[in-house]
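Residue numbers (this note's numbering): 5 to 384.
Cβ coordinates follow ideal geometry from the N, Cα and C atoms, glycine included.
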Ligand SMILES: [Fe+2]
């Protein structure tokens, strides 16, 4: 197997105006995120599941500069002192990010503005090489992912929502006339992404046919109402962290405020392990990542999107013929079976990242991201 890492040079590149709009959008979100923080909120506690905001700002700027303007070469110096030692996530452990001498936020904002302006200028002049365009698209998606992680950090730390977004107002489609489950026949599914398309992540390489058995999947994600029934029938099961009961009414903590639990809404902030236990109780099962792919590619009128990343039963593993792309640590270190694949997207995921073939992955204990699930019948 060749490890030349040159596949990415064959991906189709986007036009400069498209990349300009996407970068503008992602940068605006990052600015909105950092502007939402009070001075004390910049000092987050040392927790495995959150980042230090100053480190995160330095890191996403460093990532962009390293790939787009230094073409992944450590020998080309950064414009920011000690950037490689401080902000390369492969070199500095999570807990060391709190111990390191991270420069003041004003310096990091200047670094961010300087690097982004450099890219905007090159895009406006249409002067990026095909390789730089690949790295720019990678850096935009990387920044989008950090923007979403920032939003679930705010939920974890009970900070206000950095975007004008709420679970209030979600309306589920009514499938009472057509039944709860959507039936899929036995079929050959095309899994993974094709070689002649636009940017993909390395864990999508390469498309292959997969025979899957017939299955029935719930048209709706598991709702708060359904989970409440499960809790009431299993008093030993712990309630979700963001739920509270008072005078026989249930409340949901959304970012920094309690709201009445919206019963028809999809259950949010549930771990894979909790989802598995719920499935066992219902005598149902989680869909595999391939079944979720079939659902995501089917007619959206026939099922209800959850606006959440949805847990699957699949371990995060490479497809046959996997080769890492230049950002070696995107997928490879996390293969091995402990991470689980999630499919779909959350309401904090920009449209440019919402693709059926996209594979997200988290440890099965995580419930802090915007995740939920739906179930499949065990036998059909
Ligand atoms: Fe990162």
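- Annotation for residue 93 indicates a beta carbon within 8 Å of some heavy atom of ligand 1.
- Secondary structure note for residue 370: it is in no alpha helix (DSSP H), with a DSSP letter that is neither H nor E.
- Rounded to the nearest whole angstrom, the C-alpha separation of residue 329 and residue 212 is 19 Å.
- Distance between residue 209 and residue 364, taken at the CA atoms: about 14 Å.
- Listed in chain order, the non-local C-beta contacts of residue 166 below 7 Å within the same chain comprise 36, 37, 40, 154, 155, 158, local neighbours out to five positions each way being set aside.
- Distance from the CA of residue 384 to the CA of residue 284, rounded to the nearest whole angstrom, comes to 17 Å.
- Counting other Cβ atoms within 10 Å of its Cβ, residue 64 reaches 16 or more and is therefore classed as buried.
- DSSP places residue 380 in the strand class (E or B) of the three-state scheme.
- Following the DSSP letters along the chain, one finds residue 71 in no beta strand (DSSP E), marked with neither H nor E.
- Residue 289 is bridged by DSSP to 380.
- Distances from the alpha-carbon of residue 71 to those of 22, 50, 86, 141 put 141 closest.
- Where residue 38 is concerned, the enclosing alpha helix (DSSP H) starts and stops at 20-39.
- Secondary structure within the stretch 178-247: the alpha helix (DSSP H) runs of 4 or more consecutive residues, fully enclosed, are 228-237 (chain order).
- Between residue 169 and residue 351, the C-beta spacing is below 9 Å.
- As DSSP reads the structure, residue 118 sits in no beta bridge.
- In this structure, DSSP gives residue 144 a helical state, which the three-state scheme calls helix.
- Taking the CA atoms as reference points, residue 262 sits about 6 Å from residue 256.
- Rounded to whole angstroms, the separation of the alpha carbons of residue 206 and residue 325 is 10 Å.
- Ligand 1 has no heavy atom closer than 8 Å to the beta-carbon of residue 362.
- The DSSP-derived three-state label of residue 316 is strand.
- Judged by beta-carbon spacing, residue 347 lies within the 9 Å limit of residue 316, meaning their Cβ atoms are closer than that value.
- Uninterrupted beta strand (DSSP E) stretches at least 3 residues long and entirely within the stretch 306-364 occur at 313-319, 344-348, given in chain order.
- With a cut-off of 8 Å, the C-beta of residue 67 is classified as near ligand 1, since at least one heavy atom of the ligand falls inside that distance.
- Between the stretch 220-230 and the stretch 119-139 there are fewer than three C-beta pairs closer than 8 Å, too few to call the two in contact.
- Apart from the 5 residues on each side of it in sequence, residue 268 sits with its Cβ closer than 7 Å to the Cβ of 176, 227, 229 in its chain, given in chain order.
- By the C-beta criterion, the stretch 289-309 is judged to be in contact with the stretch 374-384, since at least 3 inter-stretch pairs fall below 8 Å.
- About 6 Å separates the beta carbon of residue 339 from that of residue 320, a gap short enough to meet the 8 Å contact definition.
- Secondary structure note for residue 253: its beta strand (DSSP E) is the uninterrupted segment 253-258.
- The residue among 366, 367, 355 with its C-alpha nearest the C-alpha of residue 30 is 355.
- Of the heavy atoms belonging to ligand 1, at least one sits nearer than 8 Å to the Cβ of residue 146.
- Residues of the same chain with a CB within less than 6 Å of the CB of residue 220, apart from the 5 flanking positions on each side, are 185, 187, 381, 384 in chain order.
- When C-alpha distances from residue 299 are compared across 247, 366, 222, the shortest belongs to 222.
- Per DSSP, reduced to three states, the secondary structure at residue 113 is helical.
- Classified as exposed, residue 131 has fewer than 16 neighbouring CB atoms from the shown chains inside 10 Å of its CB.
- Ligand 1 has no heavy atom closer than 8 Å to the beta-carbon of residue 98.
- If you draw a straight line from the Cα of residue 214 to the Cα of residue 191, it is about 8 Å long.
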